[in-house]
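Engineer:
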Amino acid sequence: MNKHEVNKSLLSKFTLNQLHEFCKTHKREMNQIDYRDRVILGESDPEIIKKRFIPYIVGFFDQVEIIEFARKHNIPID
Numbered sequence: 011m012n013k014h015e016v017n018k019s020l021l022s023k024f025t026l027n028q029l030h031e032f033c034k035t036h037k038r039e040m041n042q043i044d045y046r047d048r049v050i051l052g053e054s055d056p057e058i059i060k061k062r063f064i065p066y067i068v069g070f071f072d073q074v075e076i077i078e079f080a081r082k083h084n085i086p087i088d
């Protein structure tokens, strides 16, 4: 698996709120993209928004950052 696939797999275990917190913790903004997705797509299902959002952010993070955040916040990633 390449870096993006591994990160995508790890991030998919997060809830949408956890993704928001993760991005804020690492000073990367997701609110504008999330808001735009909701408005343009008329979507309110967090799982669909999360599924569309993860590809936008997957390259911004290292696997170590994702794993550390998951452990700190008790997010099961196994």
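Residues in the sequence shown are numbered from 11 upward in steps of one, following my numbering.
The beta carbon of each residue, even a glycine, is placed where N, CA and C say it ideally should be.
For clarity, every value in this text was computed on a predicted model and none was experimentally measured.
1) Count the other CB atoms, across all protein chains shown, that sit within 10 Å of the CB of K60; report buried if there are 16 or more and exposed otherwise.
2) Going by DSSP in three states, I59 sits in which element: helix, strand or coil?
3) Measure the alpha-carbon distance for Y66 versus K18 and round it to whole angstroms.
4) Which residues in the same chain as K23 place their Cβ atom closer than 8 Å to its Cβ, once the five residues preceding and following it in sequence are excluded?
5) Just the Cα atoms here: how many angstroms apart are G69 and I76?
Structural biologist: With the given structure in hand:
1) Along the sequence shown, one-based indexing puts residue 60 at 50. It is buried - the Cβ of K60 has at least 16 other Cβ atoms within 10 Å.
2) Within the sequence shown, the letter at position 49 stands for residue 59. The answer is helix: DSSP assigns I59 an H, G or I state.
3) By 1-based counting over the sequence shown, the position of residue 66 is 56. By 1-based counting over the sequence shown, the position of residue 18 is 8. Whole-angstrom Cα-Cα distance: 10 Å.
4) On the sequence shown, position 13 is the one that residue 23 refers to. So the list reads A80, I85, P86 and I87, once near-sequence residues are dropped.
5) Numbered from 1 along the sequence shown, position 59 holds the residue referred to as residue 69. Numbered from 1 along the sequence shown, position 66 holds the residue referred to as residue 76. Between G69 and I76, the C-alpha separation is close to 11 Å.
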